[in-house]
Amino acid sequence: MQNYIEFKNVTKEYKIGKNTLKAADKLNFTINKGEFVVILGPSGSGKSTLLNLLGGLDKVTSGSILVDNNEVSNYNEKQLTKYRAYNIGFIFQFYNLLPNLTAIENIELLNDIIDKKIDGNEVLKQVNLEHHATQFPSELSGGEQQRVSIARAIAKNPSMLLCDEPTGALDSKTSYKIIKLLHDLCKKENTTIIIVTHNASIAEIADKIIHLKNGQIEEVEIIDNPKNPDKMEW
Ligand code: ADP
Ligand code: MG
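If you read the sequence shown in the numbering used here, its first letter stands for residue 224, the second for the next number, and so on.
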């Protein structure tokens, strides 16, 4: 589907004393269903702001965000909660797992609020962690914790995965496995994947690269022949 996601003049301002900072400054772009998109830009350029606005964690100051022809930027709190629960999977740099819950409990956490119940064991298998179900985050390696957080994000079968520097805390071999996993998901399940990263190798496999600078879009690159992840260099 064309234009699954559309940003129209999206602006996010923060007031700092008397000054106004534009963390997002008239962003215009579109993303198709099943696209693998990389967001590049220096620290402070507005990458996390963009993800948070799209994921309904933050409100636009002006402009509109359309997802599947729905104006998400106009949603009220109740609609946003539903949108986040059903449509969005978030993956963060430092995993954001709850330390007092086991791997499987972290994944099945949503079962309290969603109708279609998640089978944590089934999802753990998808990330090859079925033998670690009852371990706590502190008993898992960084890569394993990130895989639990991916399992948690994909468990509800979201239409998009928003990943904020998902390999930032991992060694290169583990990062590669995580990126392969995300790329497979994108191509097999048609999940739209948007990844904020500093890693140029990840950008090489993207269908689209959005370059940000000072809250503005510097360039949107559409890649006709992205590199196969098997040929990625680290
Ligand atoms: P990036 O993820 O690219 O490093 P961010 O989106 O986190 O950048 O931030 C973009 C700009 O907005 C930065 O200058 C940052 O300081 C500012 N910013 C982000 N969140 C807030 C906030 N809650 N209050 C004030 N300024 C913020
Ligand atoms: Mg950030």
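The beta-carbon is built from N, C-alpha and C at its ideal position, and this holds for glycine as well.
*What three-state label does DSSP hand residue 374 in the structure shown?*
helix
*asked:* Quick check on the contact list: which residues have their beta carbon closer than 5 Å to a heavy atom of the ligand ADP?
replied: 237, 246, 266, 267, 268, 269, 270, 271 and 272
*Tell me whether residue 241 sits in a helix, a strand or coil according to DSSP, three-state version.*
coil
_Residues near residue 285 in its chain [Cβ-Cβ closer than 6 Å; skip 5 each side]_ = 234
*By Cβ distance, which residues of its chain are closer than 8 Å to residue 404, with the 5 residues on each side in sequence left out?*
350, 370 and 373
*By the 10 Å Cβ neighbour count, where 16 or more other Cβ atoms means buried, how is residue 422 classified, buried or exposed?*
buried
*Decide if residue 317 is buried, meaning its Cβ has at least 16 other Cβ atoms within 10 Å, or exposed.*
exposed
*Run of the alpha helix (DSSP H) containing residue 415, from where it starts to where it stops*: Here residue 415 belongs to no alpha helix (DSSP H); instead the beta strand (DSSP E) covers 415 to 419.
*Within the present structure, is the beta-carbon of residue 281 separated from the nearest heavy atom of the ligand MG by less than 7 Å?*
Between the ligand MG and the CB of residue 281, the shortest heavy atom gap is not smaller than 7 Å.
*Taking the C-alpha atoms as reference points, what is the distance between residue 238 and residue 249?*
17 Å
*For residue 368, does the count of other Cβ atoms within 10 angstroms reach 16, so buried, or fall short, so exposed?*
buried
*asked:* Looking at the ligand MG, does it come within less than 7 Å of residue 172, judged from the CB to the closest heavy atom?
replied: Residue coverage of the chain in this structure runs from 224 to 457, which leaves residue 172 outside it and unanswerable.
*In DSSP terms, what residue 290 is bridged to*: 228 and 293
*On a CA-only basis, which of 265, 425 and 274 is nearest residue 228? Give me that one, please.*
274
*Measure the CB-CB distance between residue 265 and residue 320 and report whether it falls below 8 Å.*
no
*Tell me whether residue 419 counts as near the ligand MG, meaning its Cβ is closer than 7 Å to at least one heavy atom of that ligand.*
yes
*Could you tell me if residue 445 is buried or exposed, where buried requires 16 or more neighbouring beta carbons within 10 angstroms of its beta carbon?*
exposed
_Span of the alpha helix (DSSP H) around residue 346_ = 343 to 349
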